[in-house]
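Here's the structure we're looking at; comments come further down.
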Amino acid sequence: MLPSRQALRVAAVLGLPVAGGVAVSAWLGGPAAAVGVLLGVAGGLQPAVLDVARPTRAGLAVLVPLGAWLGVTAAGHPVAAGVVVAALTLLQWPAGPRVGGALAFVPVVAALGASIGLSDAGRLALWTGVGVALIVALAAALHVKVPVTPVPEALARRHALVAAVASGLALALCLENGVTHGYWLVVTLALVLRPIPGETSSSARDRTLGTVAGAAVAIAAVLLLPTVLVGVFVLGCLLLTLAWAASQDVRRQTLWSTPVVILAGSSGVAGSSVDLAAERLLYVAAAAVLAVLLALLLHRWDAREGPAPASGG
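Each residue of the sequence shown is one higher than the last, beginning at 0 in numbering that gives the first Met the number 0.
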């Protein structure tokens, strides 16, 4: 199934300047700058399109480069990196009743910053901020607005706590054991465990499988495609992410945004070589299984207890 023609047109109008911004950033600041802009666009997409007040949007947007800065700052310190990712994940608890899952990508950005071997935290944060500013400006210029879907406080709390513990421990253990692509686990866990109010069993299953499928697509792309084509594939995934965001389809947006983040750090563009040893693939597979089990348990919990009424607007 493809997005509607209107959504594809919106994505094309958004995607062309984004592709240009990535190219210009690579020319000005090298591959790491391009990674930063891609992360900023992916992480800033949800705040950019939400129909919220400007101060709220600005507050949400600034958390993305902050996450990048914190991640690089914690690099080399597994426990600190795990704490950073867990703390940023917990922000979804107070934010959920007001802005839904808009902050789901912030811990992912931090996890990638802690994992890809960059040493200049300010530089990655700067270019990530450029990517956020670019997507926010484009969405405003095109009047792309998506209604906020608040997450009831009880639902936000359950998912934030479970995702924080799972993601923080996963990243810390991976970094401690030299698994440099451990942020793949955080991507899978953070997006699968993202709370969706009123989600049915079938949609929860589809979203979980979509995220895992996105990770599998990313692995296949890194294994089979040369670096140049990986870059083209990333832009294609980003285009589909924008289109599904314009269509307000969280599940498919999640599916295609997953390869964007994974490939941004796994294709060698940040100066690190691609290393897909069997042990690393096993870690990713284990994370996918863990994410599926946790998601199913949380969904059963949500369905049994029922969410508390949302607070705030």
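The beta-carbon is built from N, C-alpha and C at its ideal position, and this holds for glycine as well.
Remember, it's a predicted structure, so these values are computed and weren't measured experimentally.
Asked                                                                                                                   : Found
Inter-residue CB distance, residue 43 and residue 98 (contact presumed, cutoff 8 Å)                                     : About 13 Å; that fails the 8 Å criterion.
For residue 82, the three-state DSSP class (helix, strand or coil)                                                      : helix
Separation of residue 29 from residue 87, as counted between CA atoms                                                   : 28 Å
Buried/exposed call for residue 105, threshold 16 Cβ in 10 Å                                                            : buried
Length-filtered (4 minimum) alpha helix (DSSP H) runs lying within the stretch 30 to 105                                : 30 to 48, 53 to 72, 77 to 89, 91 to 98
CB contact flag (residue 151, residue 196, <9 Å)                                                                        : yes
Paired residues, beta bridge with residue 131 - DSSP                                                                    : Residue 131 pairs with nothing; no bridge assigned.
Neighbour-count burial assignment, residue 256, 16 or more Cβ in a 10 Å radius                                          : buried
Residue 103 and residue 189 closer than 9 Å at C-beta                                                                   : yes
Collapsed DSSP secondary structure at residue 145 in the structure displayed                                            : strand
Min CB distance residue 125 to chain D below 9 Å                                                                        : The chain inventory of the structure shown lacks chain D, comprising one protein chain alone.
Cβ-based burial, residue 5 [other Cβ within 10 Å; buried from 16]                                                       : exposed
Close-in-space but distant-in-sequence residues of the same chain around residue 133 (CB under 6 Å, 5 per side omitted) : 20
Euclidean distance between Cα positions of residue 288 and residue 251                                                  : 20 Å
Distance CB(residue 71)-CB(residue 59) smaller than 9 Å                                                                 : no
Cα-Cα separation, residue 254 to residue 90                                                                             : 23 Å
With 16 other Cβ atoms within 10 Å as the buried cut-off, status of residue 64                                          : buried
Per-residue DSSP class, three states only, for residue 225                                                              : coil
Identity of the residue in 117, 293, 126 nearest residue 158 by Cα                                                      : 293
Buried or exposed (CB count within 10 angstroms, at least 16 for buried), residue 3                                     : exposed
Inter-residue spacing [alpha-carbon to alpha-carbon] between residue 117 and residue 75                                 : 10 Å
Alpha carbon of residue 49 to alpha carbon of residue 39, nearest angstrom                                              : 16 Å
Close Cβ partners of residue 1 (< 6 Å) along its chain, the five nearest in sequence each way excluded                  : none
Status (buried if at least 16 other CB within 10 Å, exposed otherwise) for residue 274                                  : Unreliable positioning characterises residue 274 in this predicted model, as indicated by a pLDDT of 46, which lies under 50. The coordinate reading is nonetheless provided below. Exposed, since its Cβ has fewer than 16 Cβ neighbours within 10 Å.
Extent of the continuous alpha helix (DSSP H) to which residue 20 belongs                                               : 4 to 28
Local conformation of residue 258 per DSSP, three classes                                                               : helix
Spatial distance of residue 235 from residue 163 (CA atoms)                                                             : 30 Å
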